[in-house]
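Structure first, commentary second.
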Amino acid sequence: MDSMLHQQIAQYPGAGPAQSDVFIDATGKPMKFYLYPPLDRNQQLVNLIENNGGHVVAGVSKDTVILSSEEFLMSEDLKRFHVYRYEFVQKSITHGIQNLSDYEINNPAEPSAPSPLTNISSPATMRYFTQEEDNVLFEEIRKRPWMGYKGHQIYKDIAELDFFKERNRSAASLRERIRTLKYDIEYVYKAGPNKELLRDANGNYIRDYDIKKKTTNFSAWEDFEMCRTIYMKLRPTTDEKGFEIINFPTGFFDNYASSHPRHTSESWRQRYKNFLSLFGIANYLKYCIMQIRQDKEPQPANSANKDWLNARKHLKRASGPKLYFPNIPEGNEFLDANLETMEASDLVEPEFVPTPRPENQFLRPTPQEQIEQSIAMAAQQASQDLVTAFKNFRQEEPDGPPAKRTKRDQQSSSANIDPAIEGMQQPLEFVDEPTTYFSDPRFALSLKNEGPPIDLADVLPRKESFLEQLEKTLDPQVTVTTKTLFSQLASLGIKEYYVIFLFHRCNSRRNLVLDCIRNYLDTEGKELLVQKPGVWSNKALDWLGKNDSHLNSLLESYHGEHDYKTQLENMRKIKQ
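Its first residue numbered 1, the sequence shown is counted upward by one per residue in full-length UniProt numbering.
Pasting the structure below:
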């Protein structure tokens with residue numbers, strides 16, 4: 001659904017610079033829109049609204065337009081509002097402001113007097129859960145220990161019970177309730193191999209207080225296998241920005257779950273939607289292959305790479321998925337060449353072995369349980385041996401047709417490293433890259449609220465005189481207070497937030513600040529900093545944040561000991 005929604009929204013203009021004021025009301029104020037999840041994660045839709053006069057808000061008030069889709073599961077609380085299809089935004093941009101009532105997908109049972117724009121007259125009154133409802137919900141979750149409480153299917157099943165149907169509780173509202181009360185579940189009931197609940201000698205259900213193990217985590221192997229299946233069977237394409245477009249056939253995840261039953265079809269669907277689709281199927285496959293070829297252990301998609309996860313914070317400023325993983329070859333030639341010769345037997349899937357239940361304050365293991373724990377611990381050690389084999393997989397140069405890879409001789413491994421990744425284990429020197437965006441959210445917010453650092457339309461026609469005044473202002477021989485200096489730079493047309501940014505990145509060295517502003521003009525605003533020792537780019541600070549001794553030594557060699565120590569101390573102060 002998300003992929004289709006991205007494609008539909010991408011067809012409409014208005015995701016770039018401001019297009020119109022179509023979402024400005026009669027009083028001159030922007031219309032407020034609340035995007036019901038997961039629409040709130042669709043940056044293209046957010047841009048369509050905000051670049052055409054509207055404003056996306058985090059909460060609902062009487063003058064808020066709530067947007068959703070008929071295909072999304074709607075919570076019970078949301079049903080007390082008027083809700084409209086997100087296509088209202090698209091049609092209004094291309095054909096002028098539309099009639100909201102034509103896009104309504106939910107009309108409250110007791111409609112209030114309509115307001116001029118949204119038909120929403122007052123915030124909804126939430127119908128709180130009673131203690132009886134909480135108790136029944138807890139009990140039904142405890143009776144399904146094999147499903148876990150973090151998924152979606154368990155709440156769909158529970159919502160079908162007459163008790164909750166009579167009270168109009170939806171699966172979404174039940175799941176949201178447990179997000180608040182998950183620590184009150186306390187225990188689940190033990191179940192046998194056929195999912196029948198076990199009873200003690202008195203006929204009571206046997207309680208199990210170790211509920212964490214009931215959630216089945218995804219492994220790197222499982223993420224790799226699903227990505228490989230999607231890549232080989234569905235052949236993703238990319239749009240002009242590099243984001244993947246995948247047309248899933250009906251029932252794809254249901255069929256996949258039938259052959260990979262460790263997770264439900266809904267779990268597989270959510271795994272793709274929440275972790276893999278954001279950063280690309282091809283990217284994750286390349287990451288796994290390169291980790292294995294470099295004798296490193298691939299991580300599951302949700303924790304695969306610090307740089308990958310950090311990139312989610314700056315999704316709006318990324319030009320495409322290729323930025324999410326460093327040092328990964330562009331294009332799919334590298335991927336195709338390796339997948340063709342990589343058999344399932346090359347990457348051994350670790351056998352699932354339950355983690356032995358530790359002793360806790362609620363239950364003390366019986367002698368029989370102690371025996372079971374010993375067996376589980378032995379099986380877990382065997383599983384770890386398989387994981388070690390997975391990590392230490394090395395691939396020989398194939399003789400003849402590349403049908404299947406075999407184990408490399410350990411002694412010759414360094415001589416046979418694929419040229420595509422040779423030398424990527426550890427960089428030999430720091431090579432700077434242009435800084436084209438503000439990585440610090442505070443400066444990014446200032447850019448959004450105050451506009452560009454320098455008005456180029458005003459400054460470029462008088463560039464020579466501007467630089468002449470700038471050189472006098474930043475003359476290191478002239479002694480002025482910081483407040484006076486910032487005021488003088490502001491009078492030249494340089495935004496204060498950009499001045500603060502430059503002095504921080506240049507360690508307060510005026511000559512470097514001057515070089516950065518000159519470079520900003522020369523590149524017509526494309527580069528915020530100049531690339532030279534003493535100027536700390538986004539890449540340099542990213543390396544510094546890794547706390548890697550090798551990378552730090554390269555930074556110190558490039559920037560000098562004094563600048564390196566100054567920036568390191570600044571970073572420590574920020575983190576405190």
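The C-beta atom is built at its ideal place from N, Cα and C for all residues, glycine as well.
My assumption, with CB atoms under 8 angstroms, is that residue i sits in contact with residue j. Please give the rounded CB distance.
| i | j | result |
| --- | --- | --- |
| Tyr84 | Glu104 | 6 angstroms |
| Phe334 | Lys286 | 7 angstroms |
| Tyr209 | Leu197 | Actually they do not touch by this definition, with Cβ atoms about 16 angstroms apart. |
| Tyr34 | Thr64 | 5 angstroms |
| Leu339 | Ala301 | Rounded, the Cβ-Cβ distance is 17 angstroms, inconsistent with contact. |
| Tyr231 | Ile292 | Going by Cβ atoms, the distance from Tyr231 to Ile292 rounds to 16 angstroms, so no, they are not a contact pair. |
| Cys506 | Val513 | 5 angstroms |
| Val56 | Glu50 | 6 angstroms |
Is the beta carbon of residue i sitting closer than 8 angstroms to the one on residue j?
| i | j | result |
| --- | --- | --- |
| Lys495 | Glu450 | yes |
| residue 577 | Thr436 | This structure cannot settle anything about residue 577, because the visible part of the chain is limited to 1 through 576. |
| Leu39 | Leu67 | yes |
| Val530 | Asp542 | no |
| Ile185 | Phe138 | yes |
| Lys79 | Asn106 | yes |
| Asp134 | Leu181 | yes |
| Gln299 | Ala220 | yes |
| Gly534 | His504 | no |
| Ser439 | Asn538 | yes |
| Arg518 | Leu474 | no |
| Glu76 | Arg179 | no |
| Tyr189 | Arg167 | no |
| Gly525 | Pro461 | no |
| Leu492 | Leu470 | yes |
| Phe218 | Cys288 | no |
| Ile141 | Tyr149 | yes |
With 16 other CB atoms within 10 Å as the buried threshold, where does residue i fall?
| i | result |
| --- | --- |
| Lys565 | exposed |
| Gln395 | Residue confidence for Gln395 is low, a pLDDT of 44 falling below 50, so the modelled location carries little weight; the figure read from the coordinates is stated next. Looking at its Cβ environment, which holds 16 or more other Cβ atoms inside 10 Å, Gln395 is buried. |
| Gln567 | buried |
| Arg442 | exposed |
| Arg235 | exposed |
| Pro249 | exposed |
| Ser267 | buried |
| Lys573 | exposed |
| His550 | exposed |
| Ala403 | The pLDDT assigned to Ala403 is 43, lower than 50, so where the model puts this residue is not dependable, and the model offers no usable value. |
| Ala172 | buried |
| Glu222 | buried |
| Gly54 | buried |
| Trp536 | buried |
| Lys472 | exposed |
| Ala540 | buried |
| Ser162 | Reading the sequence as shown, one finds Asp at residue 162 and not Ser. Looking at its Cβ environment, which holds fewer than 16 other Cβ atoms inside 10 Å, Asp162 is exposed. |
| Lys463 | exposed |
| Leu544 | buried |
| Glu569 | exposed |
| Asp295 | exposed |
| Asn99 | exposed |
| Gln90 | buried |
| Leu555 | buried |
| Thr237 | exposed |
| Val480 | exposed |
| His562 | exposed |
| Ser557 | exposed |
Between which two residues does the beta strand (DSSP E) holding residue i run?
| i | result |
| --- | --- |
| Glu104 | 104-106 |
| Arg177 | Unbroken run through Arg177 is the alpha helix (DSSP H), 171-181; no beta strand (DSSP E). |
| Arg41 | No beta strand (DSSP E) holds Arg41; DSSP gives it neither H nor E. |
Provide the residue span of the alpha helix (DSSP H) that contains residue i, from first to last.
| i | result |
| --- | --- |
| residue 577 | The requested residue 577 is not part of the displayed model; the chain covers only 1 to 576. |
| Gln299 | Gln299 -> no alpha helix (DSSP H), and no H or E assigned at all. |
| Gly545 | 538-545 |
| Ser557 | 549-559 |
| Arg142 | 131-142 |
| Asn293 | Correcting the residue identity first, residue 293 is Arg in this sequence and not Asn. Element bounds for Arg293: 281-293. |
| Lys165 | 162-166 |
| Ala159 | 153-159 |
So, does the CB of residue i fall closer than 8 angstroms to a CB anywhere in chain E?
| i | result |
| --- | --- |
| Phe243 | Given the protein chain composition of this structure (a single chain), no chain E is represented. |
key: Complete runs of the beta strand (DSSP E) confined to the region 501-532 [at least 3 residues]   = none
task = Let me know the alpha helix (DSSP H) ranges lying completely inside the UniProt domain "BRCT" (31-97), each 4 residues or longer, listed in chain order.
result = 43-50, 87-95
request  = List in chain order: all unbroken alpha helix (DSSP H) runs of 4+ residues lying wholly within the region 205-260.
outcome  = 220-234, 252-259
key: Secondary structure, alpha helix (DSSP H): runs of 4+ residues fully inside the region 435-494   = 441-450, 456-459, 463-473, 482-491
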